[in-house]
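Peer 1:
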Amino acid sequence: MTPAFGKRVHGEIEGSPGSIREEVLAIVSSIPRGKVVNYGWISRMMNSRISPLAVGWMLHRCPEGVPWHRVVNASGRCSTDRTGDIPQGLQRAMLEGEGVDFRLDGSLDLEVFLWDPDDE
DNA sequence: ACATTGACTTGTT
DNA sequence: CAACAAGCCAATG
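Sequential numbering of the first sequence, starting at -16, is according to this note's numbering.
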């Protein structure tokens, strides 16, 4: 019977093996504590199979356990502050709790905190 | 199935 | 340095 690989995305399963969504979530979950990546970085890591915008969409409705706060924009700023779904400053607070230091202008140093898998 | 939106990025003016 | 435009893909109504 058709396994209906399905998009039961509503809550819990979302388990389509090989799905773009799952790959993105896997990457985000792989970000080590105290490091961050930007949306375009994920897009590149997946060989541009997904656009940075789409990454943001997935993270917007991502399941628990995914460290979405470790994903920032290319400017090293917390894009979550632009939304109303997430309290402003929350992402920054969470990152600071992991040892990520922010500058006075509210941005973080990507040269230092950007995750480089080769450096691990 | 179509139109709109959105936690983006890069390049041009 | 700031504003604008285009490319981009998935989710939502």
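Don't be surprised by glycine CBs; every beta carbon is placed ideally from N, CA and C.
With respect to the alpha helix (DSSP H) encompassing Q71, which residues constitute its N-terminal and C-terminal limits?
Peer 2: That residue, Q71, is in no alpha helix (DSSP H); it is neither H nor E in DSSP.
Peer 1: Whole angstroms are fine: how far does the CA of W98 sit from the CA of A37?
Peer 2: Taking the straight line from one Cα to the other gives about 20 Å.
Peer 1: In three-state DSSP terms, what is V83?
Peer 2: Of the three classes helix, strand and coil, the one that applies to V83 here is coil, per DSSP.
Peer 1: Might you give, ordered along the chain, the residues of its own chain that have their beta carbon closer than 7 Å to the beta carbon of G82, omitting 5 neighbours on each side?
Peer 2: Closer than 7 Å at Cβ, skipping near neighbours: G17.
Peer 1: Only counting the same chain, and skipping five residues up and downstream in sequence, which positions put a Cβ closer than 6 Å to that of I25?
Peer 2: Excluding sequence neighbours, I25 sits near I10, V38.
Peer 1: Classify H43 as buried or exposed, calling it buried when 16 or more other Cβ atoms lie within 10 Å of its own Cβ.
Peer 2: Looking at its Cβ environment, which holds fewer than 16 other Cβ atoms inside 10 Å, H43 is exposed.
Peer 1: Using 8 Å as the Cβ pair cut-off and three pairs as the minimum, do the region 70 to 82 and the region 51 to 62 touch?
Peer 2: A contact exists between the region 70 to 82 and the region 51 to 62.
Peer 1: Per DSSP, V19 is paired with what?
Peer 2: Looking at the DSSP assignment, V19 forms a beta bridge with L97.
Peer 1: Pick out whichever of P100, S62, N56, I14 has its Cα sitting closest to the Cα of G48.
Peer 2: Cα-wise, what sits closest to G48 is I14.
Peer 1: With DSSP as the reference, label V49 as helix, strand or coil.
Peer 2: Residue state, collapsed to three classes: coil.
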